[in-house]
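The sequence shown stops at residue 987 when you use our numbering, and every number in between is there. We put the beta carbon where it would ideally sit given N, CA and C, even for glycine. Here the structure is a predicted model, which means the values were calculated and not measured. One structure below.
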Amino acid sequence: MTYYELAFKLQHDCPYCNFSRDHPSAAISHWCNWSRDVLEITHGGPKSTHEQLAIRQMLKNIGSKVIRTSRAASNLQVVLQHCACDKLPPPTLPTIEKRNCLNLQPMIYTGGYEWYRVMAFSERDMKQLFRDLERHCTVEVTSRRSVSEESIHTDSLVSTASLLGGLTRKQANALLVALDNGYFNLPRSATAVELAQRLGVPRTSFVDHLRKAQNKIIRGVGPYLRLRPAEA
Numbered sequence: 756m757t758y759y760e761l762a763f764k765l766q767h768d769c770p771y772c773n774f775s776r777d778h779p780s781a782a783i784s785h786w787c788n789w790s791r792d793v794l795e796i797t798h799g800g801p802k803s804t805h806e807q808l809a810i811r812q813m814l815k816n817i818g819s820k821v822i823r824t825s826r827a828a829s830n831l832q833v834v835l836q837h838c839a840c841d842k843l844p845p846p847t848l849p850t851i852e853k854r855n856c857l858n859l860q861p862m863i864y865t866g867g868y869e870w871y872r873v874m875a876f877s878e879r880d881m882k883q884l885f886r887d888l889e890r891h892c893t894v895e896v897t898s899r900r901s902v903s904e905e906s907i908h909t910d911s912l913v914s915t916a917s918l919l920g921g922l923t924r925k926q927a928n929a930l931l932v933a934l935d936n937g938y939f940n941l942p943r944s945a946t947a948v949e950l951a952q953r954l955g956v957p958r959t960s961f962v963d964h965l966r967k968a969q970n971k972i973i974r975g976v977g978p979y980l981r982l983r984p985a986e987a
């Protein structure tokens, strides 16, 4: 049996998506168990009244009962609330589950997009999922790969902290800009000079940040590569 691992982003009118569009430096990581939502909200700048008011307004627009909030850092806030997935127009997570797909949490909201990683267990379910989503959302598939039955466990359970935890903000930004603008495409869609100009830094600084990010991620991937059985 073959499964499919999908990554896609979508846009629609919902408080989380709108907040990330209006605050480009912000990112929301969202976990849900159908009883409680956990939201980790980060933003690029220091703590400010403006950001706090915007977060409160977003939570008010969702209309769910907030149970607890905490601030682990000046630019990070964690919110525990009653599940609000059914309140979001349209309810994306119920649509994913309706089509027998498994959502691999967290959902990420950043830059005006919602990012999802999903396991589909048949091509028919996968096609129906996107047909349903496209009725209400603008959807773009960013990756799709087949997963064999023997590898689904190891392929689905990877610690992002072990892969990305060592990246600085500048290194992460350099990597994202390179990825989003086709720097890793064959052939490349952008040069280091162009991306450095986009970030407003010298080319040498951009290349240095990018190489350090790549080196850290490759070292993080190493232990998982060693878990894979050797192929003939």
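Check your understanding: Can you tell me where the alpha helix (DSSP H) with Asp768 in it begins and where it stops?
Key -> The residue labelled residue 768 in the question sits at position 13 within the sequence shown. Unbroken run through Asp768: none, as it is neither H nor E.
Exercise for review: For Thr757, I'd like the list of residues in its chain whose CB is within less than 6 Å of its CB, leaving aside the five on either flank, ordered along the chain.
Suggested key: For the purposes of this step, residue 757 is taken as residue 2 along the sequence shown, with counting starting at 1. So the qualifying residues of the chain are Ser901.
**Study point:** Exposure of Ser775, with buried meaning 16 or more beta-carbon neighbours within 10 Å
**Key:** As a position in the sequence shown, residue 775 is number 20, starting the count at 1. That one is buried.
Exercise for review: List the whole-angstrom C-beta distance separating Ala968 from Leu930, where the pair is believed to meet the contact cut-off of C-beta under 8 Å.
Suggested key: Taking the sequence shown and counting its residues from 1, the one referred to as residue 968 is at position 213. Taking the sequence shown and counting its residues from 1, the one referred to as residue 930 is at position 175. With a Cβ gap of about 4 Å, Ala968 and Leu930 count as contacting.
Check your understanding: Do you know whose CA, among Val834, His964 and Ser790, lies nearest Ile810's CA?
Key -> Translated into the one-based positions of the sequence shown, residue 810 becomes position 55. Among Val834, His964 and Ser790, the Cα nearest to that of Ile810 belongs to Val834.
Check your understanding: What do you reckon, are the CB atoms on Asp792 and Cys856 nearer than 8 Å?
Key -> Counting from one through the sequence shown, the residue named residue 792 turns up at place 37. Counting from one through the sequence shown, the residue named residue 856 turns up at place 101. Against a cut-off of 8 Å, the Cβ pair of Cys856 and Asp792 comes out as no contact.
Point to revise | Thr797 versus Ile783, Leu808 and Asn788, residue with shortest Cα-Cα distance | key: Translated into positions along the sequence shown, residue 797 becomes position 42. Among Ile783, Leu808 and Asn788, the Cα nearest to that of Thr797 is on Ile783.
Practice item. Drop a sphere of 10 angstroms on the beta-carbon of Phe939, count the other beta-carbons inside from all chains shown, and report buried for 16 or more, exposed for fewer. Key: Residue mapping note: residue 939 aligns to position 184 of the sequence shown, counting from 1. The residue in question, Phe939, is exposed, as its Cβ has fewer than 16 Cβ neighbours within 10 Å.
Check your understanding: Would a C-beta distance cut-off of 8 Å place Pro861 and His785 closer than the cut-off?
Key -> Locating residue 861 in the sequence shown gives position 106, where the first residue counts as 1. Locating residue 785 in the sequence shown gives position 30, where the first residue counts as 1. Pro861 places its beta carbon less than 8 Å from that of His785.
Point to revise | Pro770 vs Asn816 beta-carbon contact at 8 Å | key: Reading the sequence shown from its first residue, position 15 is the one you call residue 770. Reading the sequence shown from its first residue, position 61 is the one you call residue 816. Yes, they are a contact pair.
Exercise for review: Look at the alpha carbon of His767 and the alpha carbon of Asp887, and state the distance between them as a whole number of angstroms.
Suggested key: The residue given as residue 767 occupies position 12 in the sequence shown. The residue given as residue 887 occupies position 132 in the sequence shown. Going from the Cα of His767 to the Cα of Asp887 covers about 13 Å.
Review point. For Lys971, does the count of other Cβ atoms within 10 angstroms reach 16, so buried, or fall short, so exposed?
Key: Taking the first residue of the sequence shown as 1, we reach residue 971 at position 216. A buried status is given to Lys971, since no fewer than 16 other beta-carbon atoms sit within 10 Å of its beta-carbon.
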